[in-house]
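Sequential numbering of the sequence shown, starting at 43, is according to the working numbering.
Step one of this worksheet: look at the structure below.
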Amino acid sequence: MALPREPRQKMINMMYLVLTALLALNVSSEILNAFKTVNKSLETTNVTVNKSTTTIMKSLVDKLADPTTAAKAQIWYPKAQQVQLLTKPVYDYIQKLKDRILTESGGDPNDPTKRFKEDNLDVATRIMIEKGEGKNLLKMLGDYKNNVLMKIDPSINDEFKNSLPIILDKPASRNRAGKTWEGAYFHMVPTVAALTILSKFQMDVKTSENRVVQYCHNKVGEVVVRYDSYAAFAETNSSYVMPGDEMEITAGVGAFSKAALPTVMIEGANVPLETDGAAHRKLTAASSLGKHAINVVVTFTDQDGKKQTYNKPIEYTVGQSAASIALDKMNVLYIGVDNPVSISTTSGGSEQQQVSISGGGGIVKALGGGHYIVRVNSVTDECYMSVSVNNKVAGKSLFRTRTIPRAQAYIGGYESGANISAGAFIAQAGVGAGIKDFPFDLKYMVTSFSVSCDNDEGDVDVADCQGNTWSARAVGLIKKDVKPSRTVTVDNIRVLGPDGRTTTSPSLVYYIK
């Protein structure tokens with residue numbers, strides 16, 4: 043029984059589309075259409091696989107009634123039923139997630155013609171990450187895999203421990219939310235992409251069920267099946283490509299007899315079937331942008347000996363390279379510090395990216411994996427970063443460059459104007475400086491300051507300090523003058539920033555209680 047390509051490969055192809063779409067700065071209608079095409083293909087495959095499982099289970103029932111196979115069937119038929127019982131709640135749970143995401147995006151699970159917000163980036167994030175359904179899904183898939191392998195029959199684990207198509211590894215992700223499995227899959231993905239990913243997990247579960255049920259049947263004997271329906275298929279490994287990219291077309295029939303092999307023609311060329319029962323042909327995508335189609339014709343003989351012809355134009359879209367340039371901290375490049383930048387493109391890996399900067403005296407240093415460090419040395423409102431892939435411009439973004447903010451001085455974590463006990467103030471060693479709630483972890487150093495306090499005679503004692511600690515005179519002043527109802531002032535605070543500039547921080551005033 044020849045089904046479409048291995049589920050693992052379909053997953054890889056599909057995830058490529060997911061990652062490609064997410065890397066774009068804006069989710070285009072072409073990419074959304076590509077997701078819909080993949081999702082429809084996955085759902086069709088799920089139906090085909092489910093029919094195959096039903097056929098095998100019917101054959102097992104027949105073997106229970108056959109005296110020559112009844113003994114083995116009585117052992118393995120319950121095990122096949124067990125797999126089905128494990129599969130149904132997982133499949134149904136994923137379907138409920140799909141219905142929930144579709145509904146909250148304005149769609150109707152019972153009306154496929156109703157339009158919904160296909161490009162909504164919030165619904166999947168809220169449901170799968172913020173409300174914890176992604177963690178629940180990962181646990182359910184993990185439990186399902188463990189139960190199928192470990193709780194039905196030891197030989198099933200021996201057979202499928204390295205090949206059961208339930209992949210629980212976290213996919214690679216360039217965003218910070220991708221540190222978790224659910225973040226890598228569902229953080230800020232369009233609704234239509236989330237539905238496609240969930241359809242992929244449904245297919246993984248159904249394919250696992252089918253393979254284990256088939257294994258149980260093989261333990262009894264070969265399937266005796268009369269196919270009363272056929273499913274011709276034709277698909278491409280990618281429905282969104284760049285000009286001149288290589289594409290692969292796969293076509294065949296879901297069920298056929300080796301005595302009457304189907305014939306497949308792709309773009310007018312007769313393509314032989316390979317060992318997986320399908321025809322494969324690699325083609326070069328069109329050079330012009332927009333929608334294109336590749337014509338596929340599958341001819342086969344049905345169970346009644348009649349010739350059937352299946353015509354299907356495989357549609358695909360040729361798009362342009364696009365780049366997303368994102369500052370990891372803020373939408374400003376700061377002078378004198380390392381500004382982390384992440385760059386992603388819809389075609390080509392990071393090794394094919396060429397990044398340049400103009401304005402602000404900027405330089406770019408590549409860290410690998412689409413991550414860069416940018417340093418600038420002058421203020422401007424027109425600093426441009428450009429990204430090219432294979433010497434073709436993919437994107438250009440405008441940024442501002444600014445000096446880092448002036449630091450705020452403090453003593454022992456107390457801000458200016460605070461009421462401090464005499465003991466607490468005397469215990470301090472000097473003056474520090476920093477910026478509160480700033481995305482960069484910047485190091486500031488106080489280089490000099492003066493401290494003053496009113497004394498017992500009603501006058502004011504003053505001591506100058508070099509560096510960020512009390513001078514000997516300041517220590518004596520503090521021990522002598524810092525008492526309840528006194529006021530301590532710190533003036534002339536000079537601070538050296540990480541950009542090499544020295545600035546004056548506002549004065550500090552503390553009231554001793």
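Don't be surprised by glycine CBs; every beta carbon is placed ideally from N, CA and C.
Among the options, which one has its Cα closest to the Cα of residue i?
i: Gly410; options: Ile385, Asp423 and Lys333; result: Ile385
i: Lys407; options: Val421, Leu102, Pro382 and Ser420; result: Pro382
i: Arg142; options: Pro481, Leu179, Asp161 and Ala166; result: Ala166
i: Ser439; options: Gly455, Asp498, Ser366 and Gln470; result: Ser366
i: Lys78; options: Leu237, Met170, Val493 and Leu127; result: Leu237
i: Asp506; options: Asn162, Gly518, Phe275 and Phe482; result: Gly518
i: Glu357; options: Glu277, Val295 and Asp134; result: Glu277
i: Ile239; options: Glu85, Val504 and Val295; result: Glu85
i: Lys434; options: Asp164, Pro151 and Thr387; result: Thr387
i: Leu375; options: Asn353, Val418 and Pro526; result: Val418
i: Thr511; options: Ser330, Gln470, Gln244 and Asp108; result: Gln470
i: Gly174; options: Pro196, Leu163 and His229; result: His229
i: Thr443; options: Ile468, Tyr456, Val416 and Leu139; result: Val416
i: Leu206; options: Phe480, Leu163 and Ser250; result: Ser250
i: Gln508; options: Phe441, Asp501 and Gly472; result: Gly472
i: Ser83; options: Asp479, Lys193 and Phe275; result: Phe275
i: Asp498; options: Pro481, Lys522, Phe482 and Phe480; result: Lys522
Report all residues from its chain with a CB closer than 6 Å to the CB of residue i; omit the five preceding and five following residues, and keep chain order.
i: His413; result: Ser384
i: Cys258; result: Trp118, Lys121 and Ala122
i: Arg528; result: Cys495, Asp496 and Ile554
i: Ile399; result: Val406 and Met427
i: Met307; result: Val339
i: Ile146; result: The sequence given here places Glu at residue 146; Ile does not occur at that position. If we look at Glu146 and ignore the five residues flanking it on each side, its Cβ neighbours are Val165.
i: Thr445; result: Ile377
i: Asn461; result: Tyr553 and Lys555
i: Arg323; result: Ile291, Ile308 and Val313
i: Glu564; result: What the structure shows of the chain is the stretch from 43 to 555, and residue 564 is not part of that stretch, so it cannot be assessed.
i: Gly454; result: Gln470
i: Met170; result: Gly176, Glu224 and Phe228
For residue i, which of helix, strand or coil comes out of DSSP?
i: Asn260; result: helix
i: Arg253; result: helix
i: Asp423; result: strand
i: Val266; result: Residue placement at Val266 is poorly supported in this model, since its pLDDT is 47, which falls under 50; the coordinates still yield a value, given next. Looking at Val266 - three-state DSSP - the assignment turns out to be coil, as it is neither helix nor strand.
i: Arg564; result: The requested residue 564 is not part of the displayed model; the chain covers only 43 to 555.
i: Val91; result: helix
i: Met182; result: helix
i: Lys407; result: strand
i: Pro120; result: helix
i: Leu163; result: coil
i: Ala451; result: strand
i: Pro46; result: Low local confidence applies: a pLDDT of 44 at Pro46 is under 50, so the model's placement there is unreliable, with the coordinate-based value given in what follows. Coil.
i: Leu331; result: coil
i: Lys242; result: helix
i: Tyr553; result: strand
i: Ser83; result: helix
Please state if the CB of residue j and the CB of residue i are separated by a distance shorter than 7 Å.
i: Thr422; j: Gly437; result: no
i: Gly176; j: Glu224; result: yes
i: Ala466; j: Val524; result: no
i: Ile208; j: Lys187; result: yes
i: Thr341; j: Thr292; result: no
i: Lys248; j: Val91; result: yes
i: Asn556; j: Thr359; result: The shown model of the chain, from 43 to 555, leaves out residue 556, and the question about it has no answer.
i: Phe491; j: Val532; result: yes
i: Lys3; j: Leu191; result: As displayed, the chain neither begins before 43 nor continues past 555, which places residue 3 out of reach and without an answer.
i: Asn88; j: Met245; result: yes
i: Leu550; j: Ser420; result: no
i: Glu316; j: Thr233; result: no
i: Ile98; j: Gln256; result: yes
i: Gln395; j: Val429; result: yes
i: Val132; j: Val254; result: no
i: Gly294; j: Ala311; result: no
i: Leu102; j: Ala115; result: yes
i: Pro526; j: Leu484; result: no
i: Leu144; j: Pro151; result: yes
i: Ala516; j: Val530; result: no
i: Lys212; j: Ala226; result: yes
i: Ile468; j: Ile520; result: yes
i: Asn373; j: Pro355; result: no
For residue i, I'd like the list of residues in its chain whose CB is within less than 8 Å of its CB, leaving aside the five on either flank, ordered along the chain.
i: Val537; result: Arg448, Ala449, Ala451, Ala475, Tyr486, Met487, Val488, Thr489, Thr544, Thr545, Thr546 and Ser547
i: Thr111; result: Lys105, Val262 and Gly263
i: Asn189; result: Leu128
i: Arg157; result: Gly148 and Gly149
Quick one: does residue i have its CB under 7 Å from some CB of chain B?
i: Pro548; result: Among the chains in the structure shown there is no chain B, since it carries only a single protein chain.
Leaving out five residues before and five after residue i in sequence, what residues of the same chain have Cβ atoms less than 7 Å from its Cβ?
i: Ser513; result: Ala505, Asp506 and Cys507
i: Gly542; result: Gly378
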